[in-house]
Each structure stands twice: as C-alpha cells, then as structure tokens.
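Chemist: Just so you know, the sequence shown maps onto residues 2 to 394 in this note's numbering.
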Amino acid sequence: MPYYHRAGEVPPKRHTQHRDPDGNLYYEELMGEEGFSSDSSLLYHRHIPSAVRGFRVWDLGDQSLVPNHPLVPRHLSTHKLFADGGSGIDAVTGRRLLLGNEDVRLAYVVADTVSPYYRNAIGDECLYVEDGRARVETVFGELEVGDGDYVIVPRATTYRIVPDGAVRIYAIEANSHMGPARRYLSRHGQLLEHAPYCERDFRLPVGPRPVESEDVEVYIKHRGAGGVVGTVHTLPNHPFDVVGWDGCLYPYVFNIRDFEPLTGRVHQPPPVHQVFEGHNFVICNFVPRKVDYHPLSVPVPYYHSNVDSDEVMFYCGGDYEARKGSGIGQGSISLHPGGHPHGPQPGAMERSIGAEFFDELAVMVDTFRPLQLGEAARATDDGTYVHSWEQNR
Numbered sequence: 002m003p004y005y006h007r008a009g010e011v012p013p014k015r016h017t018q019h020r021d022p023d024g025n026l027y028y029e030e031l032m033g034e035e036g037f038s039s040d041s042s043l044l045y046h047r048h049i050p051s052a053v054r055g056f057r058v059w060d061l062g063d064q065s066l067v068p069n070h071p072l073v074p075r076h077l078s079t080h081k082l083f084a085d086g087g088s089g090i091d092a093v094t095g096r097r098l099l100l101g102n103e104d105v106r107l108a109y110v111v112a113d114t115v116s117p118y119y120r121n122a123i124g125d126e127c128l129y130v131e132d133g134r135a136r137v138e139t140v141f142g143e144l145e146v147g148d149g150d151y152v153i154v155p156r157a158t159t160y161r162i163v164p165d166g167a168v169r170i171y172a173i174e175a176n177s178h179m180g181p182a183r184r185y186l187s188r189h190g191q192l193l194e195h196a197p198y199c200e201r202d203f204r205l206p207v208g209p210r211p212v213e214s215e216d217v218e219v220y221i222k223h224r225g226a227g228g229v230v231g232t233v234h235t236l237p238n239h240p241f242d243v244v245g246w247d248g249c250l251y252p253y254v255f256n257i258r259d260f261e262p263l264t265g266r267v268h269q270p271p272p273v274h275q276v277f278e279g280h281n282f283v284i285c286n287f288v289p290r291k292v293d294y295h296p297l298s299v300p301v302p303y304y305h306s307n308v309d310s311d312e313v314m315f316y317c318g319g320d321y322e323a324r325k326g327s328g329i330g331q332g333s334i335s336l337h338p339g340g341h342p343h344g345p346q347p348g349a350m351e352r353s354i355g356a357e358f359f360d361e362l363a364v365m366v367d368t369f370r371p372l373q374l375g376e377a378a379r380a381t382d383d384g385t386y387v388h389s390w391e392q393n394r
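This is the structure we're talking about:
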C-alpha cells in the first residue's frame with residue numbers, strides 16, 4: 002500500500018518496549034516485503050507469533066494444469082461449478098482452479114460457510130466479490146465486503162472469510178505482490194492526479210480486535226516440490242491476538258464502481274482500464290462509461306492479436322456489447338490466448354455505431370506467460386466458442 006496507517010496500541014518508537022497493563026512485553030512482528038527493502042508493517046502480539054503446537058498436510062484437491070493445446074479461445078461458465086449454491090462450502094478450501102501459470106492462478110468459489118483461518122505464503126491475493134456479502138477477518142482487523150469489491154490481501158496475512166448468506170468470489174492468487182499500477186504512483190507512493198482512483202476510495206481494516214483462544218488451526222498455501230501445496234498448523238494461541246499495528250502493508254478494499262473510466266474520441270486501449278498489477282500480469286476492469294465521441298467512431302474494440310499475453314475476461318455485470326451472439330453471459334470467462342487474433346462478434350461493430358454509453362462490468366487479467374487449464378476450466382469449457390466468429394455458421 003502506498004501510505005502509512007496506524008491502528009490500535011503501538012509505542013512511540015519502533016523496536017522499543019511495549020508492555021500490557023500487567024507489565025508483560027508484547028511481541029513485535031515485522032511483516033515486510035522484499036527482504037526488509039520494501040513496504041512493511043509492525044504488529045504487536047500478546048503471544049509469540051512463531052509458536053506451532055501441531056502440523057499436518059492440507060490436501061488442496063486437484064491443482065493440475067494442462068496446456069491449452071490445440072490452441073483455441075475458450076468460454077468457461079463459472080456459474081455451473083456450484084450447482085448447490087455453495088451449501089456447506091467455504092471460500093478458502095472450496096476454491097476451484099480455472100487457469101494458471103508460473104505467475105498467477107485464477108479460481109472461483111461460491112460459499113456460505115465460515116472458512117478456516119488461512120494464509121497464502123506464495124503471493125498476494127485479489128478477491129473480487131461478484132455477488133453477496135461477507136466479513137473478511139484478518140490479523141490487521143475486519144473488512145466488510147460486498148458486490149463489486151476487490152479485496153487485496155498481502156502475502157502471509159492470516160485471515161478468514163465469514164459469508165452473510167452465499168457469496169461468489171473470483172480469486173486471483175499471485176506468486177508475487179499486487180498493487181496499483183506503477184504509472185499511477187509518484188516516486189514516494191502517492192496516487193497521482195491521472196490515476197483513475199485515489200486513496201480516499203480505499204477501505205482499510207477496522208480494528209484490530211484481539212482474540213484469545215487455544216489450539217487454533219491455520220491453513221497455509223505454500224511452495225512445494227510439486228508446485229502449490231498445503232499445510233495446516235495448530236497454534237497454541239489465536240493468531241488474532243494483535244493489540245496494534247502500523248505501517249504501509251495491510252489488506253484493503255476497493256470497489257469497482259469507484260473506478261473512474263478514461264474515455265476518448267476514439268476507442269481507448271486496455272491499459273486505460275488497468276486497476277492493479279503483479280509480476281508478469283495486470284488486472285483491468287471495464288465499467289459503465291460514456292464511449293467514443295468521434296463522429297465516425299466504432300465504439301466496440303477493434304480486432305487485436307495478443308502478441309505477448311493471454312487475455313482472461315470475467316463478465317460480472319451489465320451487457321457486454323462486443324460479445325453478443327457468442328453465448329457469453331453473467332459469470333462467463335473468456336480466454337483469448339496469445340497467438341489468436343480476437344475482437345467483437347459478427348455484427349457487433351455495426352450495432353455499436355452511434356452508441357453513447359456502455360453498461361458493462363468485467364474484470365480482465367492479462368498474463369505475459371501462457372495460461373494452462375485447471376480442472377474447473379476443463380469441466381465448464383463449452384467447446385464451441387472457437388467457432389463464434391464464423392459469420393455463416
């Protein structure tokens with residue numbers, strides 16, 4: 002995060018004595034990125050945060066990935082993955098893997114059950130709430146989230162998700178850190194005037210609220226010889242025993258409706274829609290907006306070849322004009338792989354002429370290494386999307 006925040010009880014000077022009312026020292030924990038050379042926060046625990054009472058393997062389920070070969074664009078239907086509406090499923094262990102590569106994994110879940118305590122030790126997570134409401138409880142405090150919220154959770158942050166009814170979440174799990182696009186930030190980390198959002202748009206954790214409990218399980222996703230693996234630690238004390246923290250590293254929420262779209266006389270390229278970035282991938286969003294106002298403009302996107310990237314579009318609201326006639330609807334994901342030129346469906350260009358406003362909502366991930374297909378993609382690929390541009394079919 003680009004700016005400093007302080008919550009709860011912290012001493013006037015870092016790395017100095019901080020004691021409870023009975024005179025016992027609190028335990029200081031530094032959460033820092035890039036080996037003490039980037040953003041960090043200091044948390045003050047009532048108990049030693051390193052203590053582990055027990056451990057066991059966490060079976061993550063089918064995490065296999067297979068190449069998109071033969072190379073074809075694909076249409077996946079996430080709403081077909083949880084036919085029971087997420088009954089008895091939680092938003093951590095219930096995730097189903099859609100797509101992935103060495104830099105990022107994309108998963109989807111519908112959940113109505115409280116998740117276990119969890120931390121991702123591989124990279125930051127971006128959780129997009131497609132529908133529903135939940136409380137995200139973290140070691141830093143609580144975040145109330147709902148439709149259209151992005152939740153950015155830094156690597157190794159312990160948290161759990163408490164749904165209020167069923168909640169639909171699109172999970173972007175990085176092998177790196179994520180944050181605002183670098184071109185939006187000053188050299189000191191402030192969001193600049195040309196950025197499509199500002200610090201006022203972020204919601205920060207409320208708390209912390211220290212919890213006392215024993216023998217608490219924390220599910221950890223981490224690196225292993227076979228790729229992504231899982232371990233469960235049993236802690237002698239609750240990880241949310243934090244009385245205060247300060248710094249520039251913490252989870253936060255940004256709502257997609259607070260993104261201010263940039264428009265022009267002719268069609269604007271995808272970088273104007275960028276919201277976040279990680280190593281070797283970017284996240285963009287397409288929001289309701291006025292469209293091109295040149296008298297001869299064609300508002301839908303032109304055909305384009307992804308020379309350096311795979312493009313994944315998650316359609317989560319409104320009416321996406323360029324895809325009409327392709328079978329894509331709410332909850333759909335399109336994969337347009339590098340090496341395949343793609344663009345609007347037949348007839349969409351002509352229909353868009355004269356349009357002044359697009360009512361659409363979509364989250365796009367562009368990766369700079371090829372994506373492979375997870376079990377959820379293989380289960381929901383419609384098998385026909387590749388033919389959707391044929392005019393006479």
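Built from N, CA and C at the ideal position, the CB exists for glycine as well.
#1: Per the DSSP calculation, alanine 8 is bridged to which residue(s)?
#2: Could you check where the alpha helix (DSSP H) with serine 353 kicks off and where it finishes?
#3: So, are the CB atoms of tyrosine 304 and serine 335 less than 9 angstroms apart?
#4: When burial is assigned at 16 or more other CB atoms within 10 Å of the CB, is proline 270 buried or exposed?
#5: Excluding the 5 residues preceding and the 5 following aspartate 309 in the sequence, name in chain order all residues of the same chain whose CB lies nearer than 7 angstroms to its CB.
#6: Using C-beta distances below 8 angstroms, list every residue in its chain close to phenylalanine 277, excluding the 5 sequence neighbours before and after it, in chain order.
#7: Quick check: what's the CA-CA separation for tyrosine 185 versus tyrosine 386?
#8: Using DSSP bridges, identify the partner residues of valine 105.
#9: Give a yes or no on contact between the region 170-179 and the region 104-116, applying the rule of three or more CB pairs nearer than 8 angstroms.
#10: Where aspartate 85 and aspartate 165 are concerned, what is the direct C-alpha to C-alpha distance, given to the nearest angstrom?
#11: Can you tell me which of the three DSSP states proline 271 falls into?
#12: If the criterion is Cβ atoms closer than 9 angstroms, does the pair tyrosine 109 and threonine 158 meet it?
#13: Which residue wins for smallest C-alpha separation from serine 389, given the options Gln191, Arg120, Arg188 and Gly328?
#14: Under the criterion of a Cβ to heavy atom distance below 8 angstroms, does isoleucine 123 qualify as lining the ligand GDP?
#15: Only counting runs of 3 or more residues, tell me where the beta strand (DSSP E) segments fall wholly within the region 69-117, in order along the chain.
#16: Here's a check: name, in chain order, each residue in its chain whose Cβ is nearer than 6 angstroms to the Cβ of isoleucine 162, leaving out the five neighbours to either side.
#17: Taking the C-alpha atoms as reference points, what is the distance between proline 272 and aspartate 367?
#18: Taking only three categories from DSSP, how would you classify arginine 156?
#19: Using a Cβ-Cβ cutoff of less than 6 angstroms, which residues in the same chain neighbour methionine 314 once the five nearest sequence positions on both sides are dropped?
#20: Do arginine 7 and glycine 208 count as a contact pair if the criterion is CB distance below 9 angstroms?
#21: Can you tell which of Glu200, Gly248, Pro74 and Glu145 has the C-alpha that lies nearest to the C-alpha of aspartate 383?
#22: If we require 4 or more residues per run, which alpha helix (DSSP H) segments fall completely within the region 340-394?
#23: Looking at the unbroken beta strand (DSSP E) that takes in threonine 139, where does it start and where does it end?
#24: In three-state DSSP terms, what is arginine 210?
Modeler: This is what the structure gives:
#1: Trp246
#2: 349-353
#3: no
#4: exposed
#5: Gly339 and Phe369
#6: Cys127, Tyr151, Ile153, Met179, Gly180, Pro181, Ala182, Val283 and Ile284
#7: So the alpha carbons of these two residues sit roughly 36 angstroms apart.
#8: Ala175
#9: yes
#10: 17 angstroms
#11: Proline 271: helix per DSSP, three-state reduction.
#12: no
#13: Gly328
#14: The ligand GDP is not among the ligands present in this structure, which contains no ligands whatsoever.
#15: 75-78, 97-101 and 105-112
#16: Correct list, in chain order: Ala92, Ser116, Ala135 and Val137.
#17: 10 angstroms
#18: DSSP places arginine 156 in coil when its eight states are reduced to three.
#19: Ser335, Ala363 and Met365
#20: no
#21: Pro74
#22: Complete alpha helix (DSSP H) runs here, min 4: 349-353 and 376-381.
#23: 126-139
#24: coil
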